[in-house]
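Structure, as structure tokens:
Number of protein chains: 2
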Amino acid sequence: MSTLTPDETILGLIAIQTSHGYELIEAFRDVSALGEIWKMSTSQIYAVLKRLERQGLITGRIEESETAPNRTEYCLTATGKRRLDDWLYDPQPSASIRRVRVEFLSRLYIARQLNIPTIPIVLRQRATCETERDRLRDLLEHQPPGMGYLAHELVLAQLEAVLRWIARCELVPKDIEDIT
Amino acid sequence: MSTLTPDETILGLIAIQTSHGYELIEAFRDVSALGEIWKMSTSQIYAVLKRLERQGLITGRIEESETAPNRTEYCLTATGKRRLDDWLYDPQPSASIRRVRVEFLSRLYIARQLNIPTIPIVLRQRATCETERDRLRDLLEHQPPGMGYLAHELVLAQLEAVLRWIARCELVPKDIEDIT
DNA sequence: ATGCCCCTATTCTATCATGGAATAGGTAAA
DNA sequence: TTTACCTATTCCATGATAGAATAGGGGCAT
Numbered sequence: 021m022s023t024l025t026p027d028e029t030i031l032g033l034i035a036i037q038t039s040h041g042y043e044l045i046e047a048f049r050d051v052s053a054l055g056e057i058w059k060m061s062t063s064q065i066y067a068v069l070k071r072l073e074r075q076g077l078i079t080g081r082i083e084e085s086e087t088a089p090n091r092t093e094y095c096l097t098a099t100g101k102r103r104l105d106d107w108l109y110d111p112q113p114s115a116s117i118r119r120v121r122v123e124f125l126s127r128l129y130i131a132r133q134l135n136i137p138t139i140p141i142v143l144r145q146r147a148t149c150e151t152e153r154d155r156l157r158d159l160l161e162h163q164p165p166g167m168g169y170l171a172h173e174l175v176l177a178q179l180e181a182v183l184r185w186i187a188r189c190e191l192v193p194k195d196i197e198d199i200t
Numbered sequence: 021m022s023t024l025t026p027d028e029t030i031l032g033l034i035a036i037q038t039s040h041g042y043e044l045i046e047a048f049r050d051v052s053a054l055g056e057i058w059k060m061s062t063s064q065i066y067a068v069l070k071r072l073e074r075q076g077l078i079t080g081r082i083e084e085s086e087t088a089p090n091r092t093e094y095c096l097t098a099t100g101k102r103r104l105d106d107w108l109y110d111p112q113p114s115a116s117i118r119r120v121r122v123e124f125l126s127r128l129y130i131a132r133q134l135n136i137p138t139i140p141i142v143l144r145q146r147a148t149c150e151t152e153r154d155r156l157r158d159l160l161e162h163q164p165p166g167m168g169y170l171a172h173e174l175v176l177a178q179l180e181a182v183l184r185w186i187a188r189c190e191l192v193p194k195d196i197e198d199i200t
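Chain order of the listed sequences is E and U.
Be aware that the first sequence starts at 21, since it is given in this note's numbering, and climbs by one per residue.
Be aware that the second sequence starts at 21, since it is given in this note's numbering, and climbs by one per residue.
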């Protein structure tokens with residue numbers, strides 16, 4: 021899995037409450053929710069919903085309405101619940117900078133909304149970032165100067181910034197809990 | 021332009037020396053060149069070449085060979101040269117973290133190979149990152165806590181890391197020149 | 001009332017990106 | 001001799017993505 025998909029995050033939102041596409045779109049627009057984290061187009065959300073349903077992670081049923089267009093309400097299947105848990109409790113979350121920003125924050129948001137403790141998520145994220153930082157430090161010691169060196173230096177600097185940022189999150193866990 | 025395309029970088033490589041697809045693939049594989057910066061598949065390079073030719077930025081001519089498969093050598097057109105210059109001298113390079121890592125380093129690499137002074141490129145990149153940093157600082161002062169706040173805090177921390185890294189690049193400009 | 005735009009809710013379409021395999025002849029090692 | 005890799009490119013199927021299309025209802029200003 022190398023691309024950054026909103027699949028699990030959407031799974032999480034549906035776990036919080038069964039939703040139809042338009043509701044999810046609004047969650048991704050809402051700046052106090054996921055608005056600053058993901059930028060997603062309308063059709064992408066419906067595409068993800070189709071995929072999740074095809075994979076048997078969610079099921080939809082059509083809600084008829086006379087005053088408004090019909091909508092399809094989706095809720096998690098047992099498989100979907102398991103997939104979501106696997107994601108939330110992933111013991112080795114990616115240390116990629118983008119993924120930390122997007123996936124880790126999404127995990128935090130979803131976990132909070134589901135009343136799942138966020139501290140373990142933070143600790144695991146810190147652990148993988150520390151491992152990756154150490155790996156990069158080693159790598160830099162043996163790498164000859166050049167573009168690759170500069171690139172790795174930058175990634176290392178960013179990982180260190182991530183770790184300082186995570187440390188601040190840890191110091192004030194209450195704040196994380198109180199967010200949202 | 022929101023996606024991160026290798027188009028201009030490939031334009032740059034062709035400006036350094038006329039090349040065919042396979043040669044470019046090797047430049048992107050070579051760790052001492054762009055290997056650590058871009059990850060690209062074979063077919064993507066040929067797709068980019070097709071696009072650049074369709075846009076009139078490069079022209080290809082087939083080199084026949086009996087000992088090896090035919091190849092198509094590409095070289096820049098006048099328009100292509102102008103497009104490359106616009107990119108190299110872009111007065112407002114993106115301050116997005118990914119783009120700094122990928123685009124800025126590519127600019128640096130191409131400029132060096134073309135014997136164009138790299139210092140102005142570095143200074144312009146620093147300037148836009150500083151502007152963006154200031155914007156984020158302002159934004160954070162007025163933003164209520166929440167996921168958006170955390171997200172912006174992280175981006176700010178990463179921008180600051182980028183700026184420290186750029187400062188190191190500036191302090192030892194000779195090193196940048198000597199790289200590659 | 002009339003026209004117009006916005007809101008809800010979703011689908012459609014066309015283009016682009018992507019990875020992976022297919023092709024195909026040559027060469028070097030085992 | 002088989003195996004496997006190097007050069008060089010194309011093909012294909014799937015997937016992502018943006019943007020428009022659809023469609024009925026409500027509000028607001030002229």
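Note that the Cβ used here is the ideal one computed from N, Cα and C, for glycine as well.
Compare the C-beta of U:L24 with all C-beta atoms of chain E and state if any pair is closer than 8 angstroms. Closer than 8 angstroms: no.
* Asked: Quick one: what's E:G80 bridged to in DSSP?
  -> For E:G80, the pairing in a beta bridge is given by DSSP as E:Y94.
Just to confirm my understanding: we take E:L72, look at its own chain, exclude 5 residues before and 5 after, and list those with CB closer than 6 angstroms. What are they?
The residues are I78.
Exercise. Rounded to whole angstroms, what's the CA-CA distance from U:G32 to U:I130? Just pull it up for me.
Key: Taking the Cα positions, U:G32 is about 6 angstroms away from U:I130.
_Using only CA atoms, which one of U:E180, U:E28, U:G55, U:P137 lies nearest to U:A115?_
Looking at U:E180, U:E28, U:G55, U:P137, the one whose alpha-carbon comes closest to that of U:A115 is U:E180.
If the cut is a Cβ gap below 7 angstroms, which residues of chain E does U:V68 touch?
Residues of chain E passing the Cβ test: none, with the nearest at roughly 19 angstroms.
Proximity below 8 angstroms, CB of E:L96 to CB of E:L104:
Cβ distance < 8 angstroms, so E:L96 and E:L104 count as in contact.
query: Any C-beta of chain E sitting closer than 8 angstroms to the C-beta of U:W107?
result: By this cut-off, U:W107 is not an interface position.
inquiry  = To be precise: take each residue of the stretch 24-42 of chain U, compare its Cβ to all Cβ atoms of chain E, and keep it if any distance is under 9 angstroms. Which residues remain?
reply    = Here the close residues number zero.
- Message: Given this structure, state the Cα-to-Cα distance separating U:R127 from E:G41, to the nearest angstrom.
- Response: Distance from the CA of U:R127 to the CA of E:G41, rounded to the nearest whole angstrom, comes to 41 angstroms.
Between E:M21 and E:D27, what straight-line distance do the alpha-carbon atoms span, to the nearest angstrom? The predicted model places E:M21 with a pLDDT of 45, which falls under 50 and marks its position as unreliable; any figure quoted below should be read in that light. One C-alpha to the other measures close to 12 angstroms.
What do you reckon, are the CB atoms on E:H172 and U:E93 nearer than 8 angstroms?
-> U:E93 is positioned such that its CB atom lies no closer than 8 angstroms to that of E:H172.
**Message:** To the nearest angstrom, how far is the alpha carbon of U:P165 from that of U:A47?
**Reply:** Whole-angstrom Cα-Cα distance: 46 angstroms.
message = Quick check on U:S126: does DSSP put it in helix, strand or coil?
response = If DSSP states are grouped into helix, strand and coil, U:S126 belongs with the helices.
Counted within 10 angstroms of its Cβ, other Cβ atoms place U:R102 as buried (16 or more) or exposed: Only exposed fits U:R102, as fewer than 16 other CB atoms lie within 10 angstroms of its CB.
- Message: Within 8 angstroms of any Cβ in chain U, is that where the Cβ of E:W58 sits?
- Response: Not closer than 8 angstroms to any Cβ of chain U, the Cβ of E:W58 fails to qualify, so no.
Task: Beta bridge counterpart(s) of E:S39 as assigned by DSSP - done: DSSP links E:S39 through a beta bridge to E:Y94.
Open item on the list: Am I right that U:R91 and U:E83 are in contact with their C-beta atoms under 8 angstroms? What's the rounded C-beta distance?
Closed with: Indeed they touch by this definition, with Cβ atoms about 5 angstroms apart.
- Mind checking if E:E180 is an interface residue toward chain U, Cβ cutoff 8 angstroms exclusive? Cβ-Cβ to chain U under 8 angstroms: yes for E:E180.
Query raised in the report: Taking C-alpha atoms, which residue in U:P113, U:P140, U:W185, U:G168 lies nearest to U:E152?
Result: That would be U:P113, whose Cα lies nearest to the Cα of U:E152.
Margin query: Short of 6 angstroms in beta carbon distance, which residues of its chain neighbour U:L160, apart from the five on each side in sequence? Order them along the chain.
Written below: The answer, listed in chain order, is H172.
- [ ] Check whether the Cβ of U:R74 lies closer than 8 angstroms to any Cβ atom in chain E.
- [x] With its beta carbon at least 8 angstroms from every one in chain E, U:R74 lies outside the interface.
Rounded to whole angstroms, how far is the Cβ of U:V120 from the Cβ of U:W58, which I believe are closer than 8 angstroms? The pair is not a contact, with the Cβ atoms about 14 angstroms apart (cut-off 8 angstroms).
Helix, strand or coil at E:Q75 according to DSSP, with G and I counted as helix
Here E:Q75 carries a coil assignment [DSSP, helix/strand/coil].
Smallest Cα separation from U:V68: which of U:T25, U:C149, U:E43, U:Q145?
-> That would be U:T25, whose Cα lies nearest to the Cα of U:V68.
| query | Would DSSP call U:Q163 helix, strand or coil? | reply | Secondary structure of U:Q163 (DSSP, three-state): coil.
Can you pull the chain E neighbours of U:A171, defined as C-beta to C-beta under 8 angstroms? For U:A171, the C-beta contacts it makes with chain E under 8 angstroms involve E56, I57, R121, L125, in order along the chain.
Problem - Backbone secondary structure at U:S63 - three-state DSSP - result: In the structure shown, U:S63 sits in a helix (DSSP, three-state: H, G or I).
Using 8 angstroms as the threshold, is the C-beta distance between U:R157 and U:L170 below it? No. Outside cutoff.
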